[in-house]
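S.K.: I have a structure I would like to understand better, so I am pasting it below and will then ask my questions one at a time.
Protein chains in written order, with the numbering used here: chain A, 25 to 187; chain B, 15 to 828; chain C, 22 to 305.
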């Protein structure tokens, strides 16, 4: 059984894993990081989206062994300094979630989107989130939240600095 | 500010766009989805499911699977036949309704693809799923029954041989003289519409965890109905109700699909009892698409009679409703919820409704967002556009000539309901303004004139619905198995903080926020001082749970009443402490004061402390402010609104794009406008999805071919338009808060608005209908044939899955 | 759902990969980006004995200018391809089509070579490779060989590669000045597979069409070259009428599939409409 070493949300883990174990199951069942949920089995829904080496991936479509030597950030790894990530805050402020099941993936995908495009238009946000399904919100407030977070992240000085 | 005996005069929370308290854990991943909970020693369950739509089970060999490493036990339906009981149907709609036995795991016969046949219990989910492949089942295939009309024909193959028929029931409602209305009617429209089968697709797949503690059991489930589920599990298994605790932890959406008592929940309980260890089952999406109950699936035959001036004489509705293979919790009643809604907001003298429930070898149907009312609203709103076209009237005008005027409320409808309030004129005016109706009509005319390949259509939907389910007496008269009340309790803690216990069971709606807003205002305490508890039968002892847009209109009123009782108790303590008569006290902003001497007063927190120490209470008063209340509404509530959709139709390809969408909803008084708007947005998305994208497709052998999200097309952000929303506010008169409910309105209203827009775009081409979902191919075919495609509704390209990448199982066998 | 068990090999070099593939036998699968394979494994529609993961064979991710051709390494991710300046300059059709593949997270993992080796006629890139006369460089322990795109796609999800052969890279003849390109994808939702797609490149010459390359997605068991249309537009006017007339032949000889998203008849119709549009967009 291969041994892997993965950084997840700021901690390093070493584990023996069966090759077939999906990254999302490794996170949930082995590391207890249940903040990242599973919503489908065809990589359509995006609920399990995490960042691997800084870019978004669907953790149901990556094997845990493929994360060997990589750095994984889940929704639980945001705001580890005690303040929420601007994207988390924006989702709250704009009522961009209802049941919240898609939210971890949606937030991670949105962070990735802003990494590539700091000031996206509504259309660019909608296209950029095409791989993340939400059944509650109709997406409109998610779009608003991403725009709000983009604004805050471009001009962090306008926000009070976290202690 | 004048305070009154009714309560605080200054409402500051109700009506305010409070950001939700729920979000803190949801945006950080500190969630409690059922699958997140894994007590030590938890075993994992996987189900083997029928690959046949209909077959006799002749042999099940579980022995090889038992040898698989990590497997604890393997059980077939026959192994637990004596203890598994039958899944309940709580709505026996007619005395002679055919109601077949529904074992949680099939024993002798399977009747839909996906029906559980056996289960594996193992140390982890991987081992459990691996061992499924070692179970050997012999089936003797029986004929699939996939078409409702064929199923009712003489000599049809039967789903349940013992019943002698595929018809479960026929239910009739009639009012007025329909024959007279039809006789010599200047205009008679006859239409046949198909409500395609939908898969609710809540983002959280189902999951259930059952933890045994001696002879007692705690069952965690991704359910909308912890209270109903507890009672039903007790009934099915014989485990006494007080030995069962049901918890609905964080629940990731439901839309009706988790208003159910599922076989997997029963089996999990039985396994926990057998094994004495926690057992958990978590569904995969492809499993869920086959086994979560489906929604809609009706064939509607409609006859509308009208005068030349557009006034409706009468309406005849003849429905076939697909029950699927079994009757589940409220399966047979769902289409009947529409019986009272086919007349919509319109006046007419005669109405006839007949519905037959039909068994097929498909996944059972049951409640899906709107439940019976979207189907009815679709029919009448499509008919109104057809009538307008027939008479060459503007679709808004033909509605104006028929709708109930705002001065006519309360109004008893032809379907026997009393609409308490409404103002269709105002909502329509507002919508027309937001939409810029005249400009879009001009744009439409210009495109027609220049034969633009991309035509524009405008669809109207002036809808109402009945929600706030429901007056218990009405439910009783419809032979429903339970009441429609709701319960709330308010606990005032010694520090003056407040715990609210509600019988509603939110799964995304935001009750923790909205209920705190109501409480804050009624008690005059800060919003932050209120904690809302729910979803656990050990914490919330009574409730009828969340569905049918009932939580606020019923549960919110119960909460408000409970708060008022707290204030009444507090008033007695305050009067005692202030040495004043109760009638001389004002209550405002959480403080009692002696009228005319405002500096003499006690806050509700001080009174809570006094009640806690109980050192100095009036004689005969219990040392507690805690109160509870149960509210049973006298009437439904009737949200309404006007939705307008402009759709572009590419006449070369059939592709539809929504160009503008305006929704003006009147949901009565609003507790939290942020939440209301969110509910409308989400409802629109699902209603639009029915019009354009979603359909559960079965092939002739009864195989579901849309088992994954690659073929069952749930729209993404890129597929949906920006919505323009507005509100009018006509308070409900049937409850003291004036609220109506908003959970289903968007879904109910939007589907006909979109299809009306598509048909409107294509009328110059002779098109009068396009079957749903209005796929590009269906639109293109309608254009080519120059008529409608209101036929069977089967996808014109056939039923084979279309996903690439080999995901379509059909493709995999090519 | 959860994959069945398999052996896992993670070679670090091309040689190791080729050797591993030879050793593993016929029931081995190459794991490139895994974005098509992982769902198949999870649904247990594929049961490989072993997976050979190319994730760490970094040389295969290279995109290189080779003079008249562009070499795209098999493991270049879609994300990488879309942003690569060489691809954007010399093979804009690839960039355009790749942008439409799945979604951003999938494009981060999914690879150019993986999509092509999967040989799914509903995938977007096979038609593009066919239209551009790409050449596939494959290697086994027996040696290297080149396979022209016209021979590469054999049947539904079947390529001309032998089980022991590994796709190393794809050579794309550069399209220089005067060429325009467009990928016209027609699908019901953003995530859905193309009902029909048209990959099209057009070279304008003195106000006429000098040359056109057109291939169709999901119009048969392999991507389909619309040769009749290419011939019909060559030397003709750059006009919508001419394109429409030529595009009438788009589905000639094709045997499109029928499924719940579209009948064969509808796909034939779409091919004509979309080909005309793709020509117009590419020529503009």
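We put the beta carbon where it would ideally sit given N, CA and C, even for glycine. Bear in mind the structure is a predicted one, so any value in this text is a computation, not a measurement.
Would residue 126 of chain A pass as an interface residue toward chain B - the criterion being a Cβ-Cβ separation below 8 angstroms?
M.R.: Yes, contact with chain B.
S.K.: Quick check: what's the CA-CA separation for residue 614 of chain B versus residue 542 of chain B?
M.R.: Looking at the two C-alpha atoms, the distance is approximately 26 angstroms.
S.K.: Closer than 8 angstroms is the cut-off here; do at least three beta carbon pairs connect the region 225-244 of chain B with the region 258-267 of chain B?
M.R.: The answer is yes - the region 258-267 of chain B touches the region 225-244 of chain B, with three or more Cβ pairs under 8 angstroms.
S.K.: Does residue 480 of chain B pass the burial test, meaning 16 or more other C-beta atoms within 10 Å, or should it be called exposed?
M.R.: Buried: at least 16 other Cβ atoms inside 10 Å.
S.K.: Counting only beta-carbon separations shorter than 8 angstroms, does residue 27 of chain C have a partner in chain A?
M.R.: By this cut-off, residue 27 of chain C is an interface position.
S.K.: Taking contact to mean at least 3 C-beta pairs separated by less than 8 angstroms, is the region 500-514 of chain B in contact with the region 782-799 of chain B?
M.R.: These segments do not touch.
S.K.: Contact criterion: CB-CB distance below 8 angstroms. Does residue 44 of chain A meet it with respect to chain C?
M.R.: So, interface residue.
S.K.: Along the beta strand (DSSP E) that carries residue 261 of chain C, what are the first and last residues, could you check?
M.R.: From DSSP, residue 261 of chain C is part of no beta strand (DSSP E) but of the alpha helix (DSSP H) over 261-268.
S.K.: Quick check: the region 590-601 of chain B against the region 301-313 of chain B, are there 3 or more CB pairs under 8 angstroms?
M.R.: No contact exists between the region 590-601 of chain B and the region 301-313 of chain B.
S.K.: DSSP three-state label for residue 700 of chain B, please.
M.R.: Residue 700 of chain B falls in the helix class under three-state DSSP.
S.K.: Is the shortest distance between the beta-carbon of residue 65 of chain A and the beta-carbons of chain B less than 8 angstroms?
M.R.: By this cut-off, residue 65 of chain A is an interface position.
S.K.: Provide the residue span of the alpha helix (DSSP H) that contains residue 112 of chain A, from first to last.
M.R.: Here the alpha helix (DSSP H) through residue 112 of chain A covers 110-117.
S.K.: Strictly below 7 angstroms CB to CB, what residues from chain F border residue 44 of chain B?
M.R.: No chain F appears in the structure shown, which is made up of the protein chains A, B and C.
S.K.: Would a C-beta distance cut-off of 8 angstroms place residue 72 of chain C and residue 27 of chain C closer than the cut-off?
M.R.: Taking 8 angstroms as the Cβ cut-off, residue 72 of chain C and residue 27 of chain C qualify as a contacting pair.
S.K.: Indicate whether residue 145 of chain C and residue 204 of chain C have their beta-carbon atoms separated by less than 8 angstroms.
M.R.: Yes, they are a contact pair.
S.K.: Kindly indicate the opening and closing residues of the beta strand (DSSP E) around residue 79 of chain B.
M.R.: Taken as a continuous stretch (DSSP letters only), residue 79 of chain B belongs to no beta strand (DSSP E), being part of the alpha helix (DSSP H) at 77-80.
S.K.: Check whether chain C comes within 8 angstroms of residue 139 of chain B, counting only Cβ atoms and requiring the distance to be less than that.
M.R.: Yes, residue 139 of chain B counts as interfacial toward chain C.
S.K.: For the beta strand (DSSP E) holding residue 133 of chain B, just list the boundary residues, first then last.
M.R.: 130-136 is the span of the beta strand (DSSP E), which, as asked, contains residue 133 of chain B.
S.K.: Examine chain B for any beta-carbon lying closer than 8 angstroms to the beta-carbon of residue 177 of chain A, and answer yes or no.
M.R.: So no, residue 177 of chain A is outside the interface.
S.K.: Below 8 angstroms, how does it come out for the region 256-264 of chain C and the region 277-290 of chain C: are there three or more Cβ pairs, yes or no?
M.R.: Cβ pair count under 8 angstroms is below three, so no.
S.K.: Rounded to whole angstroms, what's the CA-CA distance from residue 11 of chain B to residue 433 of chain B? Just pull it up for me.
M.R.: Coverage of chain B is limited to positions 15 through 828, which leaves residue 11 of chain B absent and any answer about it impossible.
S.K.: Report yes or no: is there a C-beta of chain C within less than 8 angstroms of the C-beta of residue 141 of chain A?
M.R.: By this cut-off, residue 141 of chain A is not an interface position.
S.K.: Using a beta-carbon distance below 8 angstroms, is residue 117 of chain C in contact with chain B?
M.R.: So no, residue 117 of chain C is outside the interface.
S.K.: Look up residue 189 of chain B in the DSSP assignment and give the residues it is bridged to.
M.R.: In DSSP, residue 189 of chain B forms a bridge with B:365.
S.K.: Along chain C, in chain order, which residues have C-beta atoms closer than 9 angstroms to that of residue 31 of chain A?
M.R.: Under the 9 angstroms cutoff, chain C gives no residues; its nearest Cβ is about 17 angstroms from residue 31 of chain A.
S.K.: Could you check the C-alpha separation between residue 723 of chain B and residue 220 of chain B for me, to the nearest Å?
M.R.: When rounded, the distance between both Cα atoms is 16 angstroms.
S.K.: Please compile the residues from chain A whose C-beta is within a distance smaller than 8 angstroms of the C-beta of residue 236 of chain C.
M.R.: What residue 236 of chain C touches in chain A: nothing, since even the nearest Cβ is about 25 angstroms away.
S.K.: Note down, one range per segment and in chain order, each alpha helix (DSSP H) of at least 4 residues found wholly within the region 71-133 of chain A.
M.R.: Segments of the alpha helix (DSSP H) lying fully in the region 71-133 of chain A: 110-117.
S.K.: Using three-state DSSP, classify residue 200 of chain C as helix, strand or coil.
M.R.: DSSP places residue 200 of chain C in strand when its eight states are reduced to three.
S.K.: With 16 other CB atoms within 10 Å as the buried threshold, where does residue 86 of chain C fall?
M.R.: Exposed, because fewer than 16 other Cβ atoms sit within 10 Å of the Cβ of residue 86 of chain C.
S.K.: How do the region 132-141 of chain B and the region 46-66 of chain B stand: do at least 3 beta-carbon pairs fall below 8 angstroms, yes or no?
M.R.: Enough Cβ pairs lie closer than 8 angstroms, so yes.
S.K.: The beta strand (DSSP E) spanning residue 166 of chain C covers which residue range?
M.R.: Segment 164-169, the beta strand (DSSP E) holding residue 166 of chain C.
S.K.: Using a Cβ cut-off of 7 angstroms, pull out every chain C residue sitting near residue 727 of chain B, in sequence order please.
M.R.: Going along chain C in sequence order, the residues near residue 727 of chain B (Cβ under 7 angstroms) are 209, 210, 213.
S.K.: Using the beta-carbon of each residue, which ones in chain A are nearer than 9 angstroms to residue 55 of chain C?
M.R.: Near residue 55 of chain C (Cβ distances below 9 angstroms), the residues of chain A are 85, 86, 87, 90.
S.K.: Just to confirm, is the Cβ distance from residue 760 of chain B to residue 561 of chain B under 8 angstroms?
M.R.: Not closer than 8 angstroms, so no.
S.K.: Ordered along the chain, which non-local residues of its own chain (more than five positions away) have a Cβ less than 8 angstroms from that of residue 35 of chain A?
M.R.: Closer than 8 angstroms at Cβ, skipping near neighbours: no residue.
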